[in-house]
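Protein chains: 4
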Amino acid sequence: MTHTIREKHKLLARVRRMKGQVEAIERALENEAGCERVMHLIAGVRGAMAGLMAEVVEDHVRMHLVDSEKHPGALNTDAAEQLMDVVRTYLK
Amino acid sequence: MTHTIREKHKLLARVRRMKGQVEAIERALENEAGCERVMHLIAGVRGAMAGLMAEVVEDHVRMHLVDSEKHPGALNTDAAEQLMDVVRTYLK
Amino acid sequence: MTHTIREKHKLLARVRRMKGQVEAIERALENEAGCERVMHLIAGVRGAMAGLMAEVVEDHVRMHLVDSEKHPGALNTDAAEQLMDVVRTYLK
Amino acid sequence: MTHTIREKHKLLARVRRMKGQVEAIERALENEAGCERVMHLIAGVRGAMAGLMAEVVEDHVRMHLVDSEKHPGALNTDAAEQLMDVVRTYLK
Numbered sequence: 001m002t003h004t005i006r007e008k009h010k011l012l013a014r015v016r017r018m019k020g021q022v023e024a025i026e027r028a029l030e031n032e033a034g035c036e037r038v039m040h041l042i043a044g045v046r047g048a049m050a051g052l053m054a055e056v057v058e059d060h061v062r063m064h065l066v067d068s069e070k071h072p073g074a075l076n077t078d079a080a081e082q083l084m085d086v087v088r089t090y091l092k
Numbered sequence: 001m002t003h004t005i006r007e008k009h010k011l012l013a014r015v016r017r018m019k020g021q022v023e024a025i026e027r028a029l030e031n032e033a034g035c036e037r038v039m040h041l042i043a044g045v046r047g048a049m050a051g052l053m054a055e056v057v058e059d060h061v062r063m064h065l066v067d068s069e070k071h072p073g074a075l076n077t078d079a080a081e082q083l084m085d086v087v088r089t090y091l092k
Numbered sequence: 001m002t003h004t005i006r007e008k009h010k011l012l013a014r015v016r017r018m019k020g021q022v023e024a025i026e027r028a029l030e031n032e033a034g035c036e037r038v039m040h041l042i043a044g045v046r047g048a049m050a051g052l053m054a055e056v057v058e059d060h061v062r063m064h065l066v067d068s069e070k071h072p073g074a075l076n077t078d079a080a081e082q083l084m085d086v087v088r089t090y091l092k
Numbered sequence: 001m002t003h004t005i006r007e008k009h010k011l012l013a014r015v016r017r018m019k020g021q022v023e024a025i026e027r028a029l030e031n032e033a034g035c036e037r038v039m040h041l042i043a044g045v046r047g048a049m050a051g052l053m054a055e056v057v058e059d060h061v062r063m064h065l066v067d068s069e070k071h072p073g074a075l076n077t078d079a080a081e082q083l084m085d086v087v088r089t090y091l092k
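Protein chains in written order, with the working numbering: chain A, 1 to 92; chain B, 1 to 92; chain C, 1 to 92; chain D, 1 to 92.
Now the structure itself:
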């Protein structure tokens, strides 16, 4: 039940970018940056993480809710797309 | 693609309770209640609405992602449950 | 510690609009509208409520954090504006 | 307009813990962990980041909204506490 290789690379790239953003918060605090700057950086990580979660949830819906080898065509893709719209709205 | 009768009644009861909560905000404003009271009431509606959304999403996952008459047993209920856990966490 | 008259009218107009939106969810459920429609309407109320909360919090910051008659000019309006930016980002 | 030394150390400890959590997501993806594990780890970072933001906002409210040397006692601490309650509820 793992991700495809292509998905894995995309997700890893996102996570590594996020690590860089967390390190930027660390540096900002070490360098006594103002609250405003720090709050702005935290909001950035939050957005990045919401994007990561949305992508993982999307993979999960497309790949794991239905075993498409055993049950080809069983996943209603319109209904899955509607679900993803809601998830994206709430993850923002 | 509608809800079951039982689900419909549960959802309607939730929505009507939510309407009552919105009316309480209206009265609080009319009666010049303080910000604290109003903020508290708004947070209450937000919680109620998150609960409503979680329930509708749950129905949607269980009933519409897979047509269980055409594809019995195709929905992986463990994977669906994991998805619902994430949705509930983010709707809180 | 109440809102100004002008603020009160603006807030009341928002709350009444929100009540109308909740009633639209109620009707959608009574009329057996599909999940997609209901999820869309709930997301709309959520957005409206976030806007209401942001406005009440803004009033609260501007009017109650500092008693401007006793302490004129004490509220740092730049810092208050930065705070409101964060609140708005997270209420979305 | 910087944080106190004590605050700075607390915030840095939080950020470093968060970096460790992001690295755990990275390792989980590299080791082909399942979606469920990855979603769980992401939700953990999200909680940690909400806690960090709440703390930075709290510092901001206590230290920057009012210059307490120029305007001692001007910040209404009850009103500030109510504001922080709302922020914490929404950051969860």
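Even for Gly, the Cβ is constructed at its ideal location relative to N, Cα and C.
Predicted model only: the values in this text are computed from it and were never measured.
Within the DSSP bridge table, the entry for C:LEU75 names D:VAL66 as partners. Taking 8 Å as the threshold, the shortest C-beta distance from C:HIS64 to chain B falls below it. Just so you know, the alpha carbons of C:GLU26 and B:ARG16 end up roughly 7 Å apart.
One finds ALA74 and ASN76 in chain A with Cβ atoms closer than 8 Å to the Cβ of B:ASP67, taken in chain order. About 5 Å separates the beta carbons of B:LEU91 and B:ALA54, which is inside the 8 Å limit, making them a contact pair.
Counting other Cβ atoms within 10 Å of its Cβ, A:ARG46 reaches 16 or more and is therefore classed as buried. If you draw a straight line from the Cα of A:GLU32 to the Cα of B:VAL38, it is about 37 Å long. Looking at the backbone, the Cα of D:ALA80 and that of D:ARG62 are separated by about 8 Å. By the rule that beta-carbons nearer than 8 Å mark a contact, D:HIS40 does not touch chain A. Interface criterion met: the Cβ of B:GLU36 is under 8 Å from a Cβ in chain D. Rounded to the nearest angstrom, the Cβ distance from D:LEU29 to A:LEU12 is 5 Å, consistent with a contact under 8 Å. A distance of 8 Å or more separates the beta carbons of D:ASP78 and D:GLU7. For C:LYS92, the secondary structure class from DSSP, reduced to helix, strand or coil, is coil. Contact annotation for B:ALA43 against chain D: ASP85, VAL86, THR89 and TYR90 [CB-CB distance below 9 Å, chain order]. A:ILE42 counts as buried, since no fewer than 16 other beta carbons sit within 10 angstroms of its beta carbon.
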